[in-house]
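Quick note on numbering: the sequence shown equals residues 76 to 152 in our numbering.
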Amino acid sequence: MSSKNAWPAKTAERKLTIRADLTIGADGRHSLVREKAGFEPLEIGAPMDVLWFRLSRNADDPEAFGRMEAGQILVLI
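Below, the structure written as structure tokens:
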């Protein structure tokens with residue numbers, strides 16, 4: 076790594092450097108992206124993964140939304 080926001084990468088055709096102010100690795104609890112970046116997960120004792128973020132909403136969007144399936148839950152409030 077040449078700097079904290081530049082990452083070496085390679086494709087089948089060439090080597091390159093990826094630059095980003097923010098990088099999100101959304102590849103799950105056992106993240107290969109996190110491992111390769113050398114980041115340690117923060118263990119807070121929660122029995123599930125939780126992601127907090129804000130999205131703008133349209134006037135006709137519902138107040139809340141939920142979806143539940145076997146072993147999964149999604150709640151938007």
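Here a beta-carbon is modelled for each residue, glycine too, at the ideal position from N, C-alpha and C.
Start-to-end residues for the alpha helix (DSSP H) that takes in residue i
i: Val150; result: Premise fails: Val150 lies in the beta strand (DSSP E), Gln147 to Leu151, not in any alpha helix (DSSP H).
i: Ala112; result: Leu107 to Ala112
Rounded Cβ spacing between residue i and residue j (contact assumed at less than 8 Å)
i: Ile93; j: Trp82; result: 5 Å
i: Arg109; j: Asp124; result: Actually they do not touch by this definition, with Cβ atoms about 12 Å apart.
i: Leu126; j: Ala139; result: Incorrect: roughly 16 Å between the Cβ atoms, too far for contact.
Span of the beta strand (DSSP E) around residue i
i: Glu144; result: Phe140 to Glu144
i: Pro116; result: Neither: Pro116 is in no beta strand (DSSP E) and is coded neither H nor E.
i: Ala154; result: Residue 154 lies beyond the stretch modelled for the chain, which goes from 76 to 152, so this question has no answer here.
i: Ile93; result: Lys90 to Arg94
Environment of residue i [buried if 16+ CB atoms lie within 10 Å]
i: Ala87; result: exposed
Contact under 8 Å by Cβ, residue i with residue j
i: Ala101; j: Leu91; result: no
Min CB distance residue i to chain D below 8 Å
i: Leu91; result: This model lacks chain D altogether, as it is built from one protein chain only.
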